[in-house]
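Below you'll find the structure, written out as structure tokens, and then a few comments.
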Amino acid sequence: MSKPPPGLCDPLFDPSLSPDEVLKVFPLWVSTYYAHGEDLNKPQAKALDCPPPTILSMDPSDMQRCLEINPVHSGGSDERLLSLGVKLGLFARLREEAICLDKEGPYTDKSWGDVEIKYVWCDQSTWEIPWGAVRLQADLEDSKKSGRVTRKIDMLRLRGGNYFCHWDKPELALTGLLSGL
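The numbering of the sequence shown is this note's numbering, which starts it at 35 and goes up by one.
Rendered as structure tokens:
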């Protein structure tokens, strides 16, 4: 998968933010609705005023129950998993192992070859979600052109949903998850 386009950020990986600043910025950033340009290979991140970010429309008691900050603190489980998963190439390897079926090796189990992947993504999420969808599609096409055998992957775009589609639009989320069953 190619590197992210320049000029776009993710608070979790922004070196200019202190851990405390990340904790303040991230929930609003990830729950905002965004408009993206027509060419999803060149993602944009224009925050929309309407609908409002999910956390601003949540009851404060619901937000408290849903937001667990300890794992994202320095040394916390989420922080370690994300930073080491990227740094050590773990996520790239897991992605490769999940998608490509033509590999031989001690961890290759052919009995899982018929398992399909349903990739459901919301088009008003942060820039990484639509960009990741088009990059995955491009990687699948490149793999097939080079003769690699890939798992069957159906991609479904949920129009009008953000990262918290399950909270704001549960019917849309459920319809998307159940489609194709």
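In this text, a Cβ means the ideal position worked out from N, Cα and C, and glycines have one as well.
Since the structure is predicted, the reported quantities are computational estimates derived from the model, not experimental observations.
- A Cβ-Cβ separation of about 5 Å places S65 in contact with I89 under the 8 Å criterion.
- One thing to note: L192 has its Cβ within 8 Å of the Cβ of V154.
- The Cβ atoms of T160 and L174 lie no closer than 8 Å to each other.
- Within a 10 Å sphere around the beta-carbon of D157 sit 16 or more other beta-carbons, which makes this residue buried.
- Inter-residue distance for I163 and N196 is about 9 Å (C-alpha atoms, whole angstroms).
- Spatial neighbours of P45 in its own chain (CB-CB distance under 7 Å, excluding positions within 5 residues in sequence) are listed in chain order as L51, V56, V59, F60 and W63.
- For L74 against W146, the beta-carbon gap comes to about 30 Å, at or over 8 Å, which does not count as contact.
- For the set A79, G109, C84 and W201, the Cα lying nearest the Cα of P40 is the one of A79.
- For I163, the enclosing alpha helix (DSSP H) stretches over residues E162 to K179.
- Per DSSP, D93 lies in no alpha helix (DSSP H) and is assigned neither H nor E.
- The C-beta distance from C134 to R99 rounds to 39 Å, too long to fall under 8 Å, and the pair is not in contact.
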